[in-house]
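Structure first, then comments.
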Amino acid sequence: MENSENKPVKKMMLILSKATIENVYACFILANGARMEGIESEIFFTFFGLEAVQKKKLNHLHVATVGNPAMHIPTMLGGLPGMEALATKMMKSEMEKLDIPPVGEFLEMLSASGTKLWACKLAMDMFKIKEEDLIEDIDGVLTVGGFYERAQGDGTHLLFI
Amino acid sequence: MAEKLIAGIQVDCNEQGYLTNPEQWNKEIGLEIAAEENISMTDKHWELIDYLRKQYKDEVALTVRKVGKSGVVDIKEFYNLFPNGPLKTASKIAGIPKPVSCI
Numbered sequence: 003m004e005n006s007e008n009k010p011v012k013k014m015m016l017i018l019s020k021a022t023i024e025n026v027y028a029c030f031i032l033a034n035g036a037r038m039e040g041i042e043s044e045i046f047f048t049f050f051g052l053e054a055v056q057k058k059k060l061n062h063l064h065v066a067t068v069g070n071p072a073m074h075i076p077t078m079l080g081g082l083p084g085m086e087a088l089a090t091k092m093m094k095s096e097m098e099k100l101d102i103p104p105v106g107e108f109l110e111m112l113s114a115s116g117t118k119l120w121a122c123k124l125a126m127d128m129f130k131i132k133e134e135d136l137i138e139d140i141d142g143v144l145t146v147g148g149f150y151e152r153a154q155g156d157g158t159h160l161l162f163i
Numbered sequence: 029m030a031e032k033l034i035a036g037i038q039v040d041c042n043e044q045g046y047l048t049n050p051e052q053w054n055k056e057i058g059l060e061i062a063a064e065e066n067i068s069m070t071d072k073h074w075e076l077i078d079y080l081r082k083q084y085k086d087e088v089a090l091t092v093r094k095v096g097k098s099g100v101v102d103i104k105e106f107y108n109l110f111p112n113g114p115l116k117t118a119s120k121i122a123g124i125p126k127p128v129s130c131i
């Protein structure tokens, strides 16, 4: 269906800057969905997004229950101990029903699908994270410039999450 | 609903070329769709096509994750067999409807 007016998306460059599970999943589903359509995809993990690729942290990400109006619970209740864990547990069980994998398995899936996974150098330095703290499937550590360089070409789109 | 002549057989399909009646499918049709998609079919490809058709028959909603756990191929092999959108392409060749999954 390619013609002179329709310019198909060829590559998705996603930037994940947050570690709340809804943002992490949004990013992963977009990256995986791109590969399923034959579109290239790459993820740049920066700032809190780096939590999603740290071996010790990736299985302990939470839903934000405070300051999230879509939770439909009063903000003060959202701040009670255990609320985040409860909301996260409920969300994970709903996701499993839709065949959405846990974060660790999702990362393996993305890597196997050809999605490139990059860690942000500046954020690594800032949070004092070492390469050995990251999952094996990380393709490397990049500067912003390095990431933009990879975005070259017609039909590339960048998305900040 | 469109009709299309594939491998000498008139089949029902949607505007993207997915068969809408999987009963009309046979291997020659699969082979011709595969050629259109630039896929040279090997035994492994056919094994996967059989798996997909069986899952469809059993009314299982297909996802890449499920295929990866099928025991037929892992996800990497799946992408190697059908590089340009594996679940979509394989479903098309298998003569089953276009998958609606995002996973």
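In the order they appear, the protein sequences are chains D and R.
Just so you know, we're using our numbering here: the first sequence kicks off at 3 and counts up by one.
Just so you know, we're using our numbering here: the second sequence kicks off at 29 and counts up by one.
The beta-carbon is built from N, C-alpha and C at its ideal position, and this holds for glycine as well.
Burial state of residue i (16 or more Cβ within 10 Å)
i               : result
Y107 of chain R : buried
K130 of chain D : exposed
L79 of chain D  : exposed
M14 of chain D  : buried
G142 of chain D : exposed
S43 of chain D  : buried
N1 of chain R   : With chain R covering 29 to 131 only, the question about residue 1 of chain R has no answer from this structure.
V146 of chain D : exposed
M92 of chain D  : exposed
A121 of chain D : buried
L112 of chain D : buried
Y150 of chain D : exposed
Per-residue contacts from residue i into chain R (C-beta, under 7 Å)
i               : result
G40 of chain D  : N112 and G113
D101 of chain D : T91, R93, K94 and I131
M128 of chain D : What M128 of chain D touches in chain R: nothing, since even the nearest Cβ is about 33 Å away.
Contacting residues, own chain, Cβ-Cβ under 8 Å from residue i (five flanking each side not counted)
i               : result
S129 of chain R : A89, L90, T91, V92 and L115
R81 of chain R  : P50, W53, A122, G123 and I124
E63 of chain D  : Just to set this straight, residue 63 of chain D is Leu in the shown sequence, not Glu. Contacts found: A21, T22, I23, V26, E53, A54, T90 and V105.
L60 of chain D  : E53, A54, V105, G106, L109 and I137
T48 of chain R  : M29, D40, C41, N42 and P125
G81 of chain D  : T67 and V68
D156 of chain D : K9 and K12
Contact set between residue i and chain R, taken where Cβ atoms lie within less than 9 Å
i               : result
S115 of chain D : V92, I103, K104, F106, Y107 and P114
Cβ neighbours of residue i in the same chain (closer than 7 Å, five flanking residues each side left out)
i               : result
K20 of chain D  : F50, G51 and I163
E75 of chain R  : V100
F110 of chain R : I67, T117 and A118
M69 of chain R  : L59 and A62
Cβ neighbours of residue i in the same chain (closer than 6 Å, five flanking residues each side left out)
i               : result
D176 of chain R : The requested residue 176 of chain R is not part of the displayed model; chain R covers only 29 to 131.
N25 of chain D  : I163
P127 of chain R : L90, L115 and S119
I37 of chain R  : none
E60 of chain R  : I34 and A35
K123 of chain D : V143 and T145
Listed by chain order, chain D residues near residue i by CB distance under 7 Å
i               : result
C130 of chain R : I31 and G35
G45 of chain R  : Those within 7 Å of G45 of chain R in chain D number zero; the least Cβ separation is about 11 Å.
Contact list for residue i against chain R, beta-carbon separation under 8 Å
i               : result
D156 of chain D : Residues of chain R passing the Cβ test: none, with the nearest at roughly 17 Å.
M111 of chain D : V92, R93, G96 and I103
Given residue i as reference, the closest of the options once Cα atoms are compared
i               : options                       : result
D101 of chain D : D:M128, D:Y27 and D:A72       : D:Y27
E86 of chain D  : D:M97, D:E98, D:E96 and D:M73 : D:M73
S115 of chain D : D:C29, D:A36, D:K12 and D:T48 : D:A36
L119 of chain D : D:E39, D:V11, D:L18 and D:G40 : D:L18
L88 of chain D  : D:V65, D:E39, D:K57 and D:G40 : D:V65
Q44 of chain R  : R:E64, R:E105 and R:T70       : R:E64
E133 of chain D : D:K58, D:N34 and D:L32        : D:K58
M97 of chain D  : D:T48, D:I31, D:M38 and D:P71 : D:I31
>> Please give me, in chain order, every unbroken run of the beta strand (DSSP E) with length at least 3 that falls completely inside the segment 40-98 of chain R.
In response: none
>> Suppose only complete runs of 4+ residues qualify. What are the alpha helix (DSSP H) ranges in the segment 60-87 of chain D, listed by chain order?
In response: 77-80
>> Going residue by residue through the segment 137-162 of chain D, where are the continuous alpha helix (DSSP H) segments of at least 4 residues, counting only ones entirely within it?
In response: You should have 146-152.
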